[in-house]
Amino acid sequence: MADRLDTPSERKFKLFRRRSSGDGFGQFAEATARFMGSPKFILYMTIFVVTWIAANVILYRVSEQYAWDAYPFILLNLAFSTQASYSAPLILLAQNRQDDRDRVQAEQDRQRAERNLADTEYLTREIAALRIALQDVATRDFVRSELRDMMADLREELDARDEKAESIDNDNPADLSTPRTTES
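Position 80 of the sequence shown, counted from 1, bears residue number 66 in our numbering, the numbering being contiguous throughout.
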């Protein structure tokens, strides 16, 4: 128990838990830049500015004390300046993140192209080897012609044997009736 006293224990209940992704601000910057580049943002901003100006002009005409931002609209200008000073770095951060993603994607595309090139070169070499090997293989026409030649040779041999057998039969007709005996 004493060895545990020198190390602090972890709190079981944390009031503010930090998310595990350390890139939350970058995601926030991208979401903000994406929203600020949308038509919805332009519409909301236009409605806000028209409402701001209309309210201040109407309230100024009713009584000068109710208008919180009179004609030069200095407070509105300050709000726009503040928005611009925050949105520009957020947009740049989002662009940097997109550049990093594009760089990674380009590297992956380059590696994929190298693999495709290597595969294509390998297949080209294999096809060339097959073509060379097929040059040594007999073609169907060659095999047919060889078989025809062999059949013709066999027919000639058979015809020659038949003729020889007929000539032997014609020369010795009496020998067929008497059985042959072999002398040992």
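Every residue, glycine too, gets a C-beta built ideally from N, C-alpha and C.
Only a predicted model underlies this, so the values are computations on that prediction, with no experimental measurement involved.
| Query | Result |
| --- | --- |
| Other residues of its chain near D55: CB distance less than 8 Å, five sequence neighbours each side excluded | W38, N42, L61, L62 |
| Contact set for A53: own chain, Cβ-Cβ below 7 Å, skip 5 residues either direction | N42, L45, Y46 |
| CB-CB length for F27 against F21, believed under 8 Å | 6 Å |
| From D148, Q91, A19, residue whose alpha carbon lies closest to that of A70 | A19 |
| Assigned secondary structure, Q51 (DSSP; H/G/I helix, E/B strand, else coil) | coil |
| Through-space distance from T106 to Q84, alpha-carbon basis | 32 Å |
| Exposed unless 16 or more other CB atoms sit within 10 angstroms - verdict on A189 | No answer is possible for residue 189: it lies beyond the span of the chain, which begins at -13 and ends at 170. |
| Anticipated Cβ contact below 8 Å, A15 with L109, distance rounded | Wrong, their Cβ atoms sit about 46 Å apart, outside the cutoff. |
| Proximity to Q13 [Cα-Cα], best of Q81, S24, D122 | Q81 |
| Whole-angstrom distance between A146 and S153, CA atom to CA atom | 10 Å |
| Continuous alpha helix (DSSP H) stretch holding A114: start and end | 60 to 122 |
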